[in-house]
Amino acid sequence: MQYHSTRGEASPLDFEGAMLAGLARDGGLYVPVDIPRLSHADIAALAGLSYEEVAVRVMRPFTGLAEERLGDLVGGAYAGFGHAARAPLVQIGPGHFLLELFHGPTLAFKDFAMQLIGQLFQEAMTRRGERITIVGATSGDTGSAAIEAFRGLDNVECFILLPEGRVSEVQRRQMTTPADPNVHALVVDGDFDDCQAAVKAMFNDHAFRDRVGLTAVNSINWARVLAQVVYYFSSAVALGAPHREVNFTVPTGNFGDIFAGYVARAMGLPIGRLVVATNRNDILHRTLASGEHRKEGVQPTISPSMDIQVSSNFERALYMACDRDGREVARLMEALRQDGGFALKDDVLKALRSTYASGRASEEETAATIREVHARTGETICPHTAVGVKVAREQPADGTPMVTLATAHPAKFPDAVEAATGRRPPLPERMADLFDLPERMTHVPDELSHMQSLIEERLK
Ligand SMILES: *Cc1c(COP(=O)(O)O)cnc(C)c1O
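For the sequence shown, this note's numbering gives the first residue as 2, with consecutive numbering after it.
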């Protein structure tokens, strides 16, 4: 399978090339040249398989890997999860289900992709005898998932930029307590968009990029999107697909998780509605409602992993909605950078609206949803999941089951959950010592050259 850049200039790469590159050299994101389809019978045959078996069948056509090899990597990726089903469904109302994606080592859905990427990178680097440097920006969960996936590997150095004061204490500690010398938590004096912009700028500095062997594992990395396609299949099949449609609502920030839902549908999974749920940083909801994609300032919320105005993977959605016109995508992205936004052409807006529905939740609505779900069902949900549940409930009832992605464990955001329910959610047993371990981090100003010299210094 070949991968093209959404900006149409960079040369196509195979799966491993696209995974190791992260961002394309023209600044675009890699997308498969075409999306393989599973037949009705192929999808029906997933019923009753383990999560790992579903993963191999769904991902293999994109990777070109042999079945057995992919099976080993997938097995290694999910062995450390705290639930045998990996991504279990829990019912919270008539026809409404939560897909629990927080049973991995850092308690958020990012582990699904990152643990697999850790396996894939290690294998590729050992085979090639090369070293790489991973630099990632995080609004909280990506960073800890990456550090957990790469800590202790000897051919990978991992730097995570996190915004000062904008991540929860549990999230920060998950990034600052691993003692492995190859992982580095850099606390940036800025917000998430500043961190993400710094990472993008490092990639666009081709001399630096080549000198340090830079690789991205942010949700722009195609391999991450691909890993997330799997749980759409496993959950939809559990609810009756392909014989029946299933709807999904996805708490959204960088648009990686919901784009994986788009890919699942394009592969033939009968997804009815695919609903983007945002917090008050609602650029995506506004875009779908008005056709204007325009940045505003990032406002801190109780669902910090979605506090984003520049949603990287939205570029992939635009590319598909523009009929894969890379030149048009490059023009829109330049307008976003220069003028802070752009207006969508009618046909592109129409294509996006036929693919995605959307909604938003205010801070009060998010807290009220946590409280109400807890009172009515006994389930404790995290604030991101609550944004999803609130938006899912606003969708017209059409007799189709609705799955809301439960993107993090409530114990990752104990203050918000306690404020809403009066009860502090405990951390799972296996990470009970998180608050006792010493922290290790470096504070840096939001200055590209400073960060770059620090990284080169640490690599010596
Ligand atoms: C990353 C994250 C999101 C947003 O996912 P995207 O793929 O960036 O849209 C939502 N909830 C939680 C808990 C997250 O960690």
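For each residue, glycine too, the CB sits at the ideal point set by N, CA and C. Keep in mind it's a predicted model, so treat the numbers as computed, not measured.
- Measuring C-alpha to C-alpha distances from Glu395 to each of Tyr79, Thr216, Ser359, Gly262 identifies Ser359 as the nearest.
- In this structure Val188 is in contact with Val445, their Cβ atoms being roughly 7 Å apart against a cut-off of 8 Å.
- Under the 10 Å beta carbon count, Phe436 is surrounded by fewer than 16 other beta carbons and is classified as exposed.
- At a Cβ-Cβ threshold of 8 Å, Gly262 and Val247 do not count as neighbours.
- Segment contact: the segment 335-345 against the segment 3-23, fewer than three CB-CB distances shorter than 8 Å; contact not assigned.
- For Gln3, the enclosing beta strand (DSSP E) has its first and last residue at 3-6.
- A residue is called buried once 16 or more other Cβ atoms fall within 10 Å of its Cβ, and Gly389 is buried on that count.
- Ranked by how close their Cα comes to the Cα of His375, the residues Ala42, Thr408, Glu419, Pro429 have Glu419 in first place.
- Using a C-beta cut-off of 8 Å, the segment 153-163 makes no contact with the segment 97-113, since fewer than three inter-stretch Cβ pairs fall below that distance.
- The closest heavy atom of ligand 1 lies 7 Å or more from the beta carbon of Ile382.
- Note on the segment 60-121: whole beta strand (DSSP E) runs with a minimum of 3 residues are 90-94, 97-101, in chain order.
- Apart from the 5 residues on each side of it in sequence, Thr177 sits with its Cβ closer than 6 Å to the Cβ of Ala186, Glu440, Arg441, Met442 in its chain, given in chain order.
- The three-state secondary structure of Val311, taken from DSSP, is coil.
- Residue environment for Asp192: buried (at least 16 other C-beta atoms within 10 angstroms of its C-beta).
- A direct Cα-to-Cα measurement between Asn255 and Asn280 gives close to 12 Å.
- A check of alpha carbon separations from Ala368 across Gly327, Tyr357, Ala417, Lys413 identifies Ala417 as the nearest.
- Proximity of the beta carbon of Ala417 to ligand 1 is not indicated: no heavy atom of the ligand is located closer than 7 Å.
- Counting the other CB atoms within 10 Å of its CB gives Ser220 a total of 16 or more, which places it among the buried residues.
- With a cut-off of 8 Å on Cβ pairs, the segment 201-215 is not in contact with the segment 228-244, counting fewer than three such pairs.
- The straight-line gap separating the alpha-carbon atoms of Arg129 and Gly273 is approximately 43 Å.
- By the CB criterion at 8 Å, Met60 and Val34 fall outside the cutoff.
- The beta carbon of Leu30 sits closer than 6 Å to those of Thr7, Ile221, Glu316, Arg317, all from its chain and outside the five residues before and after it, given in chain order.
- In terms of side-chain proximity, the C-beta atom of Ile259 is found nearer than 7 Å to a non-hydrogen atom of ligand 1.
- In the DSSP assignment, the residues bridged to Arg361 are Thr279.
- For Ile382, the secondary structure class from DSSP, reduced to helix, strand or coil, is coil.
- For Lys111, the shortest separation between its Cβ and any heavy atom of ligand 1 lies below 7 Å.
- Here the distance from the Cβ of Asn222 to the nearest heavy atom of ligand 1 is not below 7 Å.
- The segment 117-135 and the segment 82-101 do not touch, with fewer than three beta-carbon pairs separated by less than 8 Å.
- In the three-state reduction of the DSSP assignment, Ala180 falls in the coil class.
- Rounded to the nearest angstrom, the Cβ distance from Lys413 to Gln172 is 6 Å, consistent with a contact under 8 Å.
- For a cut-off of 8 Å, the C-beta gap from Leu240 to Pro402 is around 5 Å, short enough to register as a contact.
- Burial is judged here by how many other beta carbons sit within 10 angstroms of a residue's own beta carbon; His244 has fewer than 16 and is exposed.
- In this structure, the CA atom of Arg212 is about 25 Å from the CA atom of Glu149.
- Between Asp283 and Ser140, the beta carbon gap of about 15 Å keeps them out of contact (Cβ cut-off 8 Å).
- Asp258 and Phe63 do not touch by the CB rule: their CB atoms are close to 17 Å apart, not below 8 Å.
- Between the alpha carbons of Cys159 and Glu10 lies a distance of about 28 Å.
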